[in-house]
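Heads up: the sequence shown runs through residues 1 to 63, numbered per UniProt numbering.
Every residue, glycine too, gets a C-beta built ideally from N, C-alpha and C.
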Amino acid sequence: MGKDQAEGLGKKASGKAKEVAGVATNNRKLEAEGKAEQVEGKGQEMVGEAKDALKSEEKKNAQ
């Protein structure tokens, strides 16, 4: 797991916590921030996966 993937997972977890806190306190702004953070985390995680796939392909082609 690369840096981007790890950071993405962290953002997703943090976002989920914010979303749950927003729901529990009936704070729609906090809930929305949490959902947005989860989407951002998923995007960052996907960037990390793409980087890993590219590196793997480069290694395969270098052989």
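Can you give me the Cβ contacts of V23 inside the same chain, cut-off strictly under 8 Å, excluding the 5 residues immediately before and after it? E31
* Asked: Count the other CB atoms within 10 Å of the CB of E45; is the residue buried (16 or more) or exposed (fewer)?
  -> buried
K42 versus Q5: straight-line alpha-carbon distance, rounded:
9 Å
request  = Look at the alpha carbon of K18 and the alpha carbon of G8, and state the distance between them as a whole number of angstroms.
outcome  = 15 Å
Worksheet item: If you run the structure through DSSP and keep just helix, strand and coil, what is Q44?
Response: helix
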